[in-house]
Every structure is written in structure tokens, then in C-alpha cells.
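Novice: Before I ask anything, let me first share the structure, which is written out below as C-alpha cells.
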Amino acid sequence: MVIRDELPFSHVENMGFRDLMLEVQLKFDLHHLTSLVVVTAYFIDVDWHLHKRIISFCVIPNHKGESIGKLLESCLNDWGIEKVFAITVDNATPNDKMISYMKGMKELDSSNMAISNLVRYIHSSATRLANWRKCVSFENLDIKGIVPLDVCTRWNSTYLLLEGALKYQKAFERMLEDDVDPHFVSFFMDDDVEKRKKRVGPPTSNDWDCAKVLIEFLKFYYEATLKFSGSKVVTSHQVFPQMCAIYVQFEKFCASEDSLMKSIATSIKRKFDKYWGNVDDINKMLLIAIVLDPRYKMEYLLFSLSDIESNPSKVDELQKGVKDFLMHMYEVYKVADKYLFEKPQNLKNPNFELLSWWSENSPRFLVVSKIAKDVFGIPISTVASESAFSLGGRIVDPFRASLTPKMVEALVCTSD
């Protein structure tokens, strides 16, 4: 309609068009939707360089565990891979629950949505964006900056949206007060077509205050996510220290005199404790990874465990359990003992390269270094595997839509 009848883009915001879309019912099945699975292998070579390779990108008949298991087994057999140290997977159901609480808890949903709708409005047309930039210029803010849109399935996009929106809060408020855009107020009076209810917003002063509180929490998760999501660097040794730092920060938030911050902190920490509150449930390989970092070793592990576990005897028991597990892995007590009791490296050295250190010292710790290769080769995040689907989308563009699954797999694997 926009092209044929030369209608403006704002036509889709009219109530008549929206009512029509609410009544539209598709009468055909989307048979062209295809389920894909990607398998990415990580390993550290003899020169202590971390490698990532996509070894499979293929069609899967369904999402059942048995089907995925058979496909993975077939992939490993095709490549002649007999030894697998660890498997990192992405579980969709827990992620859905995680996203819902990471988006700010139920009591902050309306505040987030009000600001999100505000950002959606200025992005909806060039004229609206220009009007917003006038307000930005009037407030002497960075006119070249922009606030990113929110993505409902990615909680980190909420952090980036709130961070950007707060920088331009004065410009948004001026846009509302000066009525520079005649459609601004009416936009929030209309119904949200997707949610089939009145659109939330514009944000009030309380909404902005809530956003300032929420961003304090999301900041720690966002920074930790950046460290966990690397595909070219070792990540397994960073998980436990980051979780301990988040735990300590939450303790401070829970003791805050700000009632809103305390309420949010208590709610989020309850979810956090579900996965990290019981030290007995922590994956031992994450603790082993700390010990194998020459900057941390047992001293840091003991210090960190003391932060999250108040029972001294429990801390000693855990430390002994890690050491016993380490000895069981190595089966060479003296070799492991020699490494553990050497003085740790300088933790504040910004130029420290973990794999380079092990490359230089592997002749001294022949057994320990072999285990270090396996432990540090564990990917903590599935971000690298998920990025393969973006690569697949670029390969299977409209001009290559007829490519066979085998050809697509070959192109994706060789492009990695």
C-alpha cells in the first residue's frame, strides 16, 4: 500500500489498519521453516593457541534430546573425535525464565516498557528522529549519539537501551514538555497492536528513577557477559570470580537504605541464589580452572569461597574437595603439589597472557599443562555457536535459497 497507493509510512499506525491486522487470520502452513543445529569445537593446540571451528551446521528433524544426541554422535564419528572433555549447550526453557527476571522484575516492567516505547517512537520515522535531535541539540547533548532499540529476547539490549536513554533523559523530557511533535502524545494514547492493550508511556519521573536503579544491577551482568562471550580467548577461569563479585555486590544492594533498590536486589538475589547460592552445586571444573590460573591458585579460591560461604569448616571442606579432585585428575600428586605451592603470579599485571604463561612453563609441569589445555578449552558461552546462524543467514540469502543443506553446511564450516 505504501508503494502502490503512495501512502505515508505512518499509515500503519492508523486505527483502521491496526484493526484490520487484528482480524487477519493466516490460512496456510509455513512449511519452509527449517530447524538447524550447529556444533562448534574448541581446542588448544600444541603451541597453546585457542581454536574454534564449526564442524557441523545441518538440518535436524525435531528438538528432541535423542535426535540431538544422535546428530552429535554422528558428527563426532565423522570427524574421528573420540575424546570429549566438556559440552556447552544452550537450554531454551531456562533462558526464557532468566530473560523475564533479568529484564527488571515484574515491578519494573511498566517502567522499562514506557522508556522502550519512547525509543521506538523516535526510531519510527525520520521526521520524529529529527525532532528528537533538535531537543538533544537544545540540551547541549551529543547530537551524533543514538539510543538502540530493545530486543525482547535479549536482556543485554535492555541494559544498552536504558543506558542510552538515561544519557538523553533531558532531551526526551523536553520533547514531551515543548510538544515539538504533534503525534508524540497521541502515540501513547493508542493501543499496542502486538500486545493488544494500551501502549505504556510516556515515562514519568518515577519510571526514570526505576531505570536508574535497574541499570545498576544489569551493569554487572552485562560486563560479566562480555567476558564470558569471547570465542578467541579463554573464559572458563573467569566465571567463578565474576559470580563472586556479583554476589558481593548484591549483598551491598540488599543492605541499601533505598527501599526500591533493596526490594529489587532481594528479588534478583533470590534467583541468583537458586543457581549459585549452594557452593556444593557449583561445577568443580570452574573451580579447577581458577586453580590452574597461576595468578589465582588455591589462595584466591579460598578467599572467594569465604565471600560466599560463611561456614569456615564448609570452606575448608570445599577447598580440600577441589584439591582432591585435582589430584584425582592428575594421578600424580607430587607434580600437582609443586604447581599449587609455587607463588602465584601478579594478579594486577594487565599484560598477563594465560596461555602464553602455560606455553612457557609446560616443560616444568608436563602433566598439569595437559589438563590445563582441556580445562581452558571449555567455552562458557554459546554466543559463538549462535553467531553461526547469522553467518548462515548471510550465506542463504534470497539468491541462494535453493542451496541444499549439505552445500550450506560446507559453506558455513569453511567460512569459520
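In full-length UniProt numbering, the protein residues as written are 1 to 416.
Glycine included, each C-beta is placed from N, C-alpha and C at the ideal position.
In this text the structure is predicted, and so the values were computed from the model without any measurement.
Taking the Cβ atom as the reference point for each residue, do glutamate 163 and isoleucine 215 lie within a distance shorter than 8 Å?
Specialist: yes
Novice: Can you pull the DSSP bridge partners for valine 37?
Specialist: Cys58
Novice: Between the C-alpha atoms of glycine 16 and tryptophan 132, what's the straight-line distance to the nearest angstrom?
Specialist: 27 Å
Novice: For leucine 141 and valine 147, I'd like the C-alpha separation in whole angstroms.
Specialist: 13 Å
Novice: Determine the contact status of serine 116 and leucine 166, defining contact as a CB-CB distance below 8 Å.
Specialist: no
Novice: Whole alpha helix (DSSP H) runs in the stretch 111–177 with 4 or more residues, listed along the chain?
Specialist: 126–138, 155–167 and 169–177
Novice: Distance check for histidine 237 and aspartate 293, CA to CA, integer angstroms please.
Specialist: Approximately 7 Å between the Cα atoms of the pair.
Novice: Using 10 angstroms around the beta-carbon of arginine 270, count the other beta-carbons present and answer buried if the total reaches 16, otherwise exposed.
Specialist: exposed
Novice: Quickly, what does DSSP pair leucine 50 with across the bridge? List them, please.
Specialist: Ile44
Novice: Evaluate the contact criterion for the stretch 355–366 versus the stretch 267–287: three or more CB pairs, one atom per stretch, below 8 Å.
Specialist: No, because fewer than three Cβ pairs between the stretch 355–366 and the stretch 267–287 fall closer than 8 Å, the two stretches do not touch.
Novice: Examine the Cβ distances between the stretch 364–380 and the stretch 39–51 and report whether three or more of them are shorter than 8 Å.
Specialist: With the cut-off at 8 Å, the stretch 364–380 and the stretch 39–51 touch.
Novice: Return the first residue and the last residue of the alpha helix (DSSP H) that alanine 211 is part of.
Specialist: 205–228
Novice: Pick helix, strand or coil for arginine 270, following the three-state DSSP scheme.
Specialist: helix
Novice: From leucine 354 to threonine 88, what does the alpha carbon distance come to, in whole angstroms?
Specialist: Approximately 21 Å, taken between the alpha carbons.
Novice: Just to confirm the assignment, what range does the alpha helix (DSSP H) spanning phenylalanine 202 have?
Specialist: Contrary to the premise, residue 202 reads as proline rather than phenylalanine in this sequence. No alpha helix (DSSP H) contains proline 202, which DSSP labels as neither H nor E.
Novice: Buried or exposed for threonine 414, going by 16 or more other Cβ atoms inside 10 Å?
Specialist: exposed
Novice: Quick check on this structure: which residue in Tyr159, Ser74, Leu176 and Phe85 has the alpha carbon closest to the alpha carbon of leucine 118?
Specialist: Leu176
Novice: For aspartate 316, is the classification buried or exposed, using 16 other Cβ atoms within 10 angstroms of its Cβ as the cut-off for buried?
Specialist: exposed
Novice: Taking all protein chains shown into account, decide if threonine 158 is buried (16 or more other Cβ within 10 angstroms of its Cβ) or exposed.
Specialist: Around the beta carbon of threonine 158, a 10 Å sphere encloses 16 or more other beta carbons of the protein chains shown; the residue is thus reported as buried.
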